Amino acid sequence: MDYKKLVAERIKENVELDLETIERLIEIPPKSDMGDFAFPCFQLSKVLRKAPNSIAEELKNKINKESFEKIENLGPYLNFFVDKVDFTKNTIEKVLTEKEKYGASDMGKGKNITIDYSSPNIAKPFHVGHLSTTAIGNALYKILSFEGFNCIGINHLGDWGTQFGKLISAYKRWCDEEALENKPINELLRIYVKFHEEAEKDPSLEDEARMYFKKLEDGCEEETKLWQRFKDLSLKEFKIVYNMLGVEFDSYAGESFYNDKMDAIIEEIDKKGLLTDSNGAKVVMLDDYNMPPCIIKKSDGATIYATRDLAAASYRKKTYDFYRNIYVVGAAQSLHFKQLFTTLKLMGHDWADDCKHVAFGLVRFADKKLSTRKGDVIFLEDLLNEAVEKTLEVINEKNPDLENKEEAAKKIGIGSVVFAYLKNNREKDIIFDWKEILSFDGETGPYVQYSYARGKSILRKAGEIKGSADYSKLSSKEEFELVKSLGNFQKSILHSIDKLEPYIVTRYVIEVAKGFNKFYNAHSIMNAEDDATKVARIKLVEATCQVLKNGLALIGIETVEKM
Ligand code: ARG
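If you use the UniProt record's numbering, the sequence shown corresponds to residues 1 to 563, in order.
Below you can see the structure in the form of structure tokens.
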């Protein structure tokens, strides 16, 4: 039951305000002894020409009090105290009937949201830094979809640019075919690094690379085939990681997809009179906005990242008629997105205001002992594999007889890394520390997973439930706090949508897990005072498990039934 709505309806029965206004006015009192909801009577006082205090008092006497323990007036406020038993029963039963839909809604119905996330560069390592955009984007996709928005996940691959000329040149000179097939990105990275080393000694290599890129741009067969091969090989490796994470995309339209859409966008910018010549380059001046110019065409006539993003935004609007167009990209690109959105606005597109850059911080490593294949880059695949291995070690130590150990280690291990990435405000840097991430206590993935598995084990022991629950027995502080948390699920989802912050959901599941453990430690379930209490507690456990599962699913983490 939505108590806020109920409060609003009860008030509406007595006053001349529309439901929406009433709902907007309702507050949550700062202290729980002031009730669960409060309605201020100041606005009514203007209409009714009466003191707010006396309006509150009159309302208190008239209002229907069903489902409330009491309704009091505190000065100009009307304070509502929800009936705890009624609330407990309604909350638990709602979770248990709605199941995997509990917390969902159709508030986003008919609204399309494009989410650009992950978007790695072809022929470059998919490293640990890429997990931020991938995990945040995936979580936002799930969270928004859960509330009825129609999300379109776009992997805006970095698959175009002058670097492909260098790569073709390097390929022709130094590529080891076998290595390319076995570990494509390592080999592409090796020859790319070599290209730069050699080009320092012999600058003519740069001209050769430019020539190859020109050929690629002109659609020459050999160069196009090579580029396609680099792209296919890279994608194959990226997809290994996407599979491990359970991440999917609706579109893989990367930068190259916009090659044939560049002329039109440049012409449009020109027609609006925005194109300025700057040392041979074509730019949009953004001085009035205290920003450097947005480069549209370099002096050699080549388009750049920004040009492709302008074309992409315009294409997304035409194709998906988005309600919001979200970019999950590191904070280092904040200026790029400001320039992009400002240019779109100058072009007369009001929908530029619907474009949002969802930025995030860096990942740092607390302990250096991480397996790296090459140089400083830590491949995400290696990190995830290491998490699975370490988790398996813990399982072997704690519960060696667990069935499907490998499967469980995968879900818990990978989940623990994702959890760590989504635990804090996304603008904050992440300090990656194995000990902390894999710990079974503290605010970690394994802790939440373990709470879920513990709940499931209780439910298995309880078997089929006979008899009915007496919810009035769940009156202890621990029980009521847990019920209240369960009731707050959707509120935290909406908060997370409002801020485009998955960590709000992560924090929420931590809160539920903590509440569950407090309850579990304080009260016996199987040996409860009587059957009606036992049934009520079992139902509370069942509802808790459901909410933990739904919450973790929203941040892209699968649960295990046993661990
Ligand atoms: N490929 C870029 C990078 O790795 C990220 C692309 C983000 N999306 C976009 N539409 N610009 O930095």
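Beta carbons are placed, not taken as given, at the ideal position from N, Cα and C, and that holds for glycine. Since this is a predicted model, take the numbers as computed values, not measurements.
Practice prompt. Could you have a look at residue 545 and say whether DSSP puts it in helix, strand or coil?
Written response: helix
Worksheet item: Taking the runs of the beta strand (DSSP E) that are 3 residues or longer, which of them lie wholly in the region 151-224?
Response: none
Worksheet entry | Range covered by the beta strand (DSSP E) that runs through residue 460 | Premise fails: residue 460 lies in the alpha helix (DSSP H), 445-462, not in any beta strand (DSSP E).
Worksheet item: So what's residue 37 in DSSP terms, helix, strand or just coil?
Response: strand
Worksheet item: Alpha carbon to alpha carbon, what distance is there between residue 528 and residue 467?
Response: 14 Å
Worksheet item: Taking Cβ positions, are residue 516 and residue 533 nearer each other than 7 Å?
Response: no
Fill in: The alpha helix (DSSP H) enclosing residue 81, as first and last residue numbers
No alpha helix (DSSP H) holds residue 81; the beta strand (DSSP E) holding it covers 77-82.
Worksheet item: Going by the CB atoms, is the gap between residue 194 and residue 174 shorter than 7 Å?
Response: yes
Worksheet item: Are the beta-carbon atoms of residue 602 and residue 388 separated by less than 7 Å?
Response: Only positions 1 to 563 of the chain appear in this structure, which leaves residue 602 out of reach.
Worksheet entry | residue 365 - DSSP class collapsed to helix/strand/coil | strand
Worksheet entry | Straight-line gap, residue 159 to residue 314 (C-alpha atoms, nearest Å) | 19 Å
Worksheet item: Quick one: Cα of residue 139 to Cα of residue 54, how far?
Response: 48 Å
Item to complete: Could you say which of 31, 39, 35 and 32 lies nearest to residue 11 if we only look at CA atoms?
Response: 39
Worksheet item: In chain order, what residues of the same chain lie with their CB nearer than 7 Å to the CB of residue 45, ignoring the 5 residues before and after it?
Response: 51, 52 and 55
Item to complete: Give a single yes or no on whether residue 127 has its beta carbon closer than 6 Å to a heavy atom of the ligand ARG.
Response: no
Discussion item. Measuring only from the beta carbon, is residue 234 closer than 6 Å to any heavy atom that is part of the ligand ARG?
Written reply: no
Practice prompt. Compute the Euclidean distance between the alpha carbons of residue 66 and residue 510, then round it to the nearest angstrom.
Written response: 33 Å
Worksheet item: How would you call residue 120, buried or exposed, if buried means at least 16 neighbouring beta carbons within 10 angstroms?
Response: buried
Item to complete: Would you mind working out which of 311, 4, 132 and 365 sits nearest residue 245, comparing C-alpha positions?
Response: 132
Worksheet item: What is the rounded straight-line gap between the Cα of residue 373 and the Cα of residue 453?
Response: Confidence in residue 373 is poor, its pLDDT being 41 and thus under 50, which makes the residue's placement too unreliable to answer from.
Discussion item. Tell me the DSSP secondary structure of residue 556 in three-state form.
Written reply: coil
Worksheet item: At what residues does the alpha helix (DSSP H) containing residue 597 begin and finish?
Response: The chain is shown from 1 up to 563; residue 597 falls before or after that span and cannot be answered.
Worksheet item: So the alpha helix (DSSP H) residue 410 belongs to, where does it begin and stop?
Response: 405-421
Item to complete: Evaluate residue 123 with the Cβ neighbour count: other Cβ atoms within 10 Å of its Cβ, from every protein chain shown; 16 or more gives buried, anything less gives exposed.
Response: buried
Item to complete: For residue 5, count neighbouring Cβ atoms within 10 angstroms of its own Cβ and tell me buried if that reaches 16, exposed if not.
Response: exposed
Item to complete: Would you give the residue range spanned by the alpha helix (DSSP H) that residue 342 belongs to?
Response: 334-346
Worksheet item: If we count the other Cβ atoms within 10 Å of its Cβ and call it buried at 16 or more, is residue 79 buried or exposed?
Response: buried
Worksheet item: Would you say the beta carbon of residue 159 comes nearer than 6 Å to a heavy atom of the ligand ARG?
Response: no
Discussion item. Between the region 282-293 and the region 70-85, can you find at least three pairs of beta-carbon atoms closer than 8 Å?
Written reply: no
Fill in: Sequence-distant residues of its chain with Cβ nearer than 7 Å to residue 206 (five each side left out)
199
Discussion item. In whole angstroms, give me the CA-to-CA distance for residue 411 and residue 182.
Written reply: 27 Å
Fill in: Under the three-state DSSP convention, the category residue 389 falls into
helix
Worksheet item: On the three-state DSSP scale, how would you describe residue 371?
Response: Note that residue 371 scores 42 on pLDDT, short of 50, meaning its location in the model is unreliable; the coordinates nonetheless yield the value given after this. Residue state, collapsed to three classes: coil.
Worksheet entry | From 490, 263, 266 and 427, residue whose alpha carbon lies closest to that of residue 104 | 490
Worksheet item: Going by DSSP, what residues sit across from residue 327 in a beta bridge?
Response: 116 and 357
Worksheet entry | Straight-line gap, residue 336 to residue 227 (C-alpha atoms, nearest Å) | 26 Å
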